[in-house]
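Working notes, structure below.
Chains as they are written, first to last, in the numbering used here: chain A, 901 to 1233; chain B, 901 to 1233.
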């Protein structure tokens, strides 16, 4: 069996370009003892991957130039030399950016009975959904009924964060990058207020949407969004620092919020996190999110690019606002 | 009885100037029922007062132009029409910036048996000492043996914070503004390492003083200090945001740290606080600090200005590094 895979051709400077990537075809070995061969159905592109394309110390090691990229993927077992895996099993792995692979069974997670189509396990039922869950309930210690602001609210993480907050009885304000996204948030997902951030009047929108101030800010964007939220926090508010997509392609250091000093008098907490810091909440997340999905209480959208050769475009699209909800690359049926 | 008092003549712009203040003499009324007349022995000047000189919404209302300033003071009761206060009692109040006053007894705190000279109750045994205590043990959740960095470490708060950390078995690095202050920290107070920040090589000094990184940063300074500390934090480190003296006289917004995004991958927590957010720790503070002071385990210095007319100079001196330890204005013996 052969598989196309996407490699990092060179390290992007600023906004990534298709020329930073290349597609190569490799042989996929037959599985040996304890191994499983998998054909990927779909793969994830996520903003955090931008950080791994830079050669610097970070919480995950950098991608290597000339090697296949990695990331979340859902696949189907096509051959197994492991007693617990059978042909047809649907598995989650970190072997994205390729059509097929062979790996030790210990590096796979079998999904079992599906509560939703496989691609949902890259979104609402997967890493982005859990990021939203642990960010709100863990990092931000959300309490029922508090007022919440979510930036990047039409993205894979933000759209789930806003809905979890709504399910906890919280009024939610969201920012997004187009009128269509804003309409989705308020008309379909139950956000109390949403706005397009492009007019630059962030603080005005927050005052309109949450006149009494914010108890929790779920930050996916950083930069001007974080500064505006700081100006509008209530005493003892919490800010979950989840992402800073506004800065990921910066080529110079970006100044932080000029009003961080407000955290002192207001007793604010800013807490950075990545999903793996809250692995102890994984069972809670799976139980709650599966129940919410089955009950139709959490909705989602996907923006789907077809074919491994379009994976770089899908990734770049994360930074141009091309996605509503989760960005997915479909690789096989 | 008459009393000189210091009034805010106009709101300072940038660095405060003596011309922003004026001294006036007023009559002090005889105490009525439930009231006490007090002659102040000493008064406090503190960096936070700079914020109250600006006309903006903050955690305490702004000082009013033309009115006497207020702040911590220790005085002696000279007349009482309240059954629980007697002539000679030593009391703490918020009626600083004046030589004498008459007030309802409910606005005073009697100190009882003194563990140290009265002025210590404006420093190590008072608000600055408690700020250090609650910042480390409350806001930063310090654990025994962690590595700590304290900025403004020769100040009233920082010098106590560093010593509390040392008593908890923590290696402590401190920054200060002169060679003499640095020597005090390492030779007298038990800091493992200290440095003069004026050479601008903050991160280099932190690497020298704490090669393994920082678990806790007690931030009195903000600005470049906060940015350097963020670069050197260990995973799951905590930053107590206590003050930002580098910015208090800024006339334009000061950009925040350009590397706040590091908090995400490292799982850092930044928590702003003021001492009153931790009033529930007051009894613990008094018990512990009184014991440490009596045992000689906490040391302190004072920089003393004599006379109410020098109170503005003492206050301004906080921003030029004129104080080692607590800045005190002595008003009477």
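Every residue gets a Cβ at the ideal spot worked out from N, C-alpha and C, and that includes glycine.
In the three-state reduction of the DSSP assignment, residue 963/B falls in the coil class. Nearest neighbour of residue 1121/A by Cα position, chosen from 1221/A, 1206/A, 1025/A, 1179/A, turns out to be 1221/A. A Cβ-Cβ separation of about 22 Å leaves residue 1130/A out of contact with residue 947/A under the 8 Å criterion. Using a 10 angstroms sphere on the CB of residue 1105/A, the tally of other CB atoms reaches 16 or more, which defines it as buried.
A Cβ-Cβ separation of about 20 Å leaves residue 958/A out of contact with residue 966/A under the 8 Å criterion. Here the stretch 1106 to 1120 of chain B does not lie against the stretch 1122 to 1142 of chain A, with fewer than 3 beta-carbon pairs under 8 Å apart. Each residue's CA atom was taken as its position, placing residue 1113/A and residue 1038/B some 25 Å apart. At a cut-off of 8 Å between beta carbons, residue 1174/B contacts chain A. The DSSP assignment places 1027 to 1034 as complete runs of the alpha helix (DSSP H) inside the stretch 971 to 1059 of chain A, in order along the chain (cut-off: 4 residues). Within 7 Å of the CB of residue 1141/A, the CB atoms of chain B belong to 1163, 1164, in sequence order along the chain.
At least 8 Å separates the CB of residue 1031/A from every CB of chain B. Contact check for residue 1224/A against residue 1203/A passes: the beta carbons are separated by less than 8 Å. Closest option to residue 1229/A, judged by alpha-carbon separation, among 1127/A, 1022/A, 1064/A: 1022/A. Per DSSP, residue 957/A lies in no beta strand (DSSP E) segment and is marked neither H nor E. Between residue 1026/A and residue 1062/A, the CB-CB gap reaches or exceeds 8 Å.
Taken in chain order, the members of the stretch 1107 to 1125 of chain B whose beta-carbon sits within less than 7 Å of a beta-carbon on chain A are 1122. One finds 1161 in chain B with Cβ atoms closer than 8 Å to the Cβ of residue 1147/A, taken in chain order. Distance check between residue 1200/A and each of 1133/A, 1227/A, 1170/A places 1227/A closest, using alpha-carbon atoms only.
Beyond the five residues adjoining it in sequence on each side, residue 1091/A comes within less than 6 Å, by CB distance, of 1062, 1072, 1074, 1085 in the same chain, given in chain order.
The alpha-carbon separation between residue 1052/B and residue 1212/B amounts to approximately 21 Å. Closer than 8 Å to the CB of residue 933/B there is not a single CB belonging to chain A. Cβ neighbours of residue 1132/A within its own chain (closer than 6 Å, five residues either side excluded): 1106, 1113, 1114. One finds nothing in chain B with a Cβ atom closer than 9 Å to the Cβ of residue 925/A; even the nearest lies about 34 Å away.
Residues of the stretch 1176 to 1196 of chain A with a Cβ closer than 8 Å to any Cβ of chain B, in chain order: 1177. Per DSSP, the unbroken beta strand (DSSP E) holding residue 1119/A starts and ends at 1114 to 1119. Assigned with DSSP and collapsed to three states, residue 1178/B falls in helix. By the neighbour-count definition (other C-beta atoms within 10 Å, threshold 16), residue 1020/A is a buried residue. Look at the beta carbons and you see the stretch 1141 to 1152 of chain A not touching the stretch 1135 to 1148 of chain B: under three pairs across the two are nearer than 8 Å. Take residue 1166/A, set aside five residues on each side of it, and the residues of its chain with a beta-carbon closer than 8 Å to its own are 1133, 1134, 1135, 1136, 1137, in chain order. Contact between residue 1007/B and residue 979/B fails: their C-beta atoms lie close to 16 Å from each other, not under 8 Å.
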